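A.B. asks: The structure that follows is given in the form of structure tokens.
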Amino acid sequence: MTLVFFALICTFLSFYFACLTGVTIKRKIVFTGCFIVFSSLLRVLINVNLNNDYYYYYNFDIFHKPTSFLSFALNEPYLYSLYFFFSTFIDTKANVFLALYWFNFLINSIFYIWLLYIKDVETWKKILLFVLYYFMFGFVLLRNGPAYILFAMYFYYSFRERKFNWVFTALFMHISSCFMLVTYFHHWRYYFRALFVAPIIVFLSFLVLKPFLTSVREFDSILSKISIYSNGFPINTLMHLLFFVFIIVLTAVGFLLYRNKMLHPILVTTLLIYFIAFLISPVVAHRFSPYLLFALLFFPFEEIKYTKLMRILNSFSVLLLPIFIYTLFNTHKTKLYMELFMK
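At position 316 of the sequence shown the residue is numbered 455 (my numbering), and the sequence of numbers has no breaks.
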């Protein structure tokens, strides 16, 4: 227990100190090194099968050999491809999954190290994104975690008029990225018109083609997901509603301070998709919320000025440590509590 909490707190503090603007490059490199060491130690200490989604992935149908190329292409082939790659030289399925989670941890670590070194995102924003999503992306989500990361980087570069075509690989990772990829065409003159017309066309096309699609076995997985999302999910926690309130407040503050800039096509699109998702279910909206938060927090509303308020926000972001600890336990099964507190 003591070693886990030591690694947990040191992971947070090393990331926090590496984020601070007044740190010299040499100290930043030292803190980054500490972050790599302590986060890796944390990954070693926490069994991968304790995360909430482990057995969902472990029993996932996609790990059977695809019946056709169409079946392979339509069923989010990223994870199957990784599984097939690791299984060529690893014998047991449990060890293959251990390799998958370590690979996912590597991707997540690279992303957060990249986040440490970008200079035009405020420290408090970096800490907030770290606290909310570090364990979710690096310790739990094997498919949509990398997709969220790709879109985070895409939003960052797009807002600064730089291309990031790697975002298209998210199509092979998770179906939710299909909706967000419309933002790639945000420079198009008729983008907003298309944004409101396209859903109607897609919906009508789906109704017309549904009898054909149901007769093709390869579309079974996609159709089942559409059915699940359209029927909604049971609300099993107040946290989804609280998170929705947090999003509303953050968005309202954005419109209050930067009304015109909040009308950027990418921000409008992510907000629209998020609110539509909430009408379906708060749980569905929660799954789309990382896209929206990355877009809002990476948008350069104004040039960074280290005012007294900004210095206070940056310094006091260390107080988010309890939430960081909470997200570890929230993303893992009750057995983790037992292992830490009952031994």
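Don't be surprised by glycine CBs; every beta carbon is placed ideally from N, CA and C.
Note that the structure is a prediction, hence the values are computed from the model and not measured.
Check His-325 in the structure and name its three-state DSSP category.
C.D. replies: Coil at His-325, not helix or strand.
A.B. asks: At the level of alpha carbons, what is the spacing between Ala-238 and His-471?
C.D. replies: Computed Cα separation, rounded: 18 Å.
A.B. asks: Measure the C-alpha to C-alpha separation of Cys-149 and Val-321 and round it to an integer number of angstroms.
C.D. replies: Whole-angstrom Cα-Cα distance: 40 Å.
A.B. asks: Report all residues from its chain with a CB closer than 7 Å to the CB of Phe-174; omit the five preceding and five following residues, and keep chain order.
C.D. replies: Taken in chain order, the residues that qualify are Thr-150, Ser-153, Phe-154, Ala-157.
A.B. asks: Within the same chain, show all residues whose beta-carbon is closer than 7 Å to that of Tyr-330, passing over the 5 residues directly before and after it, in chain order.
C.D. replies: Result list for Tyr-330: Phe-324, Pro-404, in chain order.
A.B. asks: Contact check, Glu-261 vs Met-449 under 8 Å by CB: the rounded distance?
C.D. replies: Yes, they are in contact, since the Cβ atoms of Glu-261 and Met-449 sit about 7 Å apart, within 8 Å.
A.B. asks: Mind reading off the beta-carbon distance from Arg-282 to Phe-244? Whole number of angstroms is fine, and I expect it under 8 Å.
C.D. replies: Between Phe-244 and Arg-282 the Cβ distance is about 15 Å, and since that is not below 8 Å, they are no contact.
A.B. asks: Count the other CB atoms, across all protein chains shown, that sit within 10 Å of the CB of His-379; report buried if there are 16 or more and exposed otherwise.
C.D. replies: Looking at its Cβ environment, which holds 16 or more other Cβ atoms inside 10 Å, His-379 is buried.
A.B. asks: So, is Thr-466 buried or exposed, given that buried needs 16 or more other C-beta atoms within 10 angstroms?
C.D. replies: Per the 10 Å Cβ criterion, buried.
A.B. asks: Any idea what DSSP makes of Asn-247, helix, strand or coil?
C.D. replies: Residue state, collapsed to three classes: helix.
A.B. asks: Touch check for the segment 293–313 and the segment 449–458: three-plus C-beta pairs under 8 Å?
C.D. replies: No contact exists between the segment 293–313 and the segment 449–458.
A.B. asks: In whole angstroms, what is the alpha-carbon distance linking Phe-342 and Phe-335?
C.D. replies: If you take the alpha carbons of Phe-342 and Phe-335, they lie about 12 Å apart.
A.B. asks: If we ignore side chains and look at the alpha-carbon of each, how far apart do Leu-180 and Arg-398 end up?
C.D. replies: In a straight line, the C-alpha of Leu-180 is about 44 Å away from that of Arg-398.
A.B. asks: Assign Gly-277 to buried or exposed, taking buried as 16 or more other Cβ atoms, counted over all protein chains shown, within 10 Å of its Cβ.
C.D. replies: Flag for Gly-277 reads buried.
A.B. asks: Nearest-angstrom Cα distance between Trp-253 and Ile-288?
C.D. replies: Between Trp-253 and Ile-288, the C-alpha separation is close to 11 Å.
A.B. asks: If I'm right that Ile-462 touches Leu-431 with Cβ under 8 Å, what's the distance once you round it to whole angstroms?
C.D. replies: Contact flag wrong, Cβ pair sits at about 18 Å.
A.B. asks: In this structure, does DSSP put Cys-149 in helix, strand or coil?
C.D. replies: In this structure, Cys-149 counts as helix in the three-state DSSP scheme.
A.B. asks: Taking only the alpha-carbon atoms, compute the straight-line gap between Glu-441 and Leu-459 and give it to the nearest angstrom.
C.D. replies: The alpha-carbon atoms of Glu-441 and Leu-459 are separated by roughly 24 Å.
A.B. asks: On a Cα-Cα basis, can you pick out the residue from Leu-395, Phe-437, Val-176, Met-319 that is closest to Ala-416?
C.D. replies: When each option's Cα is compared against that of Ala-416, the closest is Met-319.
A.B. asks: How would you label Arg-328, buried or exposed, when you count the other beta carbons within 10 angstroms and need 16 or more for buried?
C.D. replies: Classification of Arg-328: exposed, given that the 10 Å Cβ count is below 16.
A.B. asks: Pull up the distance between the alpha-carbon of Tyr-197 and that of Thr-408, whole angstroms please.
C.D. replies: Whole-angstrom Cα-Cα distance: 34 Å.
A.B. asks: What residues are listed by DSSP as bridge partners for Asn-190?
C.D. replies: BP columns for Asn-190 point to His-471.
A.B. asks: Based on Cα-Cα distance, which residue from Ala-391, Ala-291, Pro-285, Ser-420 lies nearest to Lys-264?
C.D. replies: Cα-wise, what sits closest to Lys-264 is Ala-291.
A.B. asks: For Ser-315 and Pro-285, what's the separation of their Cα atoms in angstroms?
C.D. replies: If you take the alpha carbons of Ser-315 and Pro-285, they lie about 12 Å apart.
A.B. asks: By DSSP, does Gly-393 sit in helix, in strand, or in coil?
C.D. replies: Residue state, collapsed to three classes: helix.
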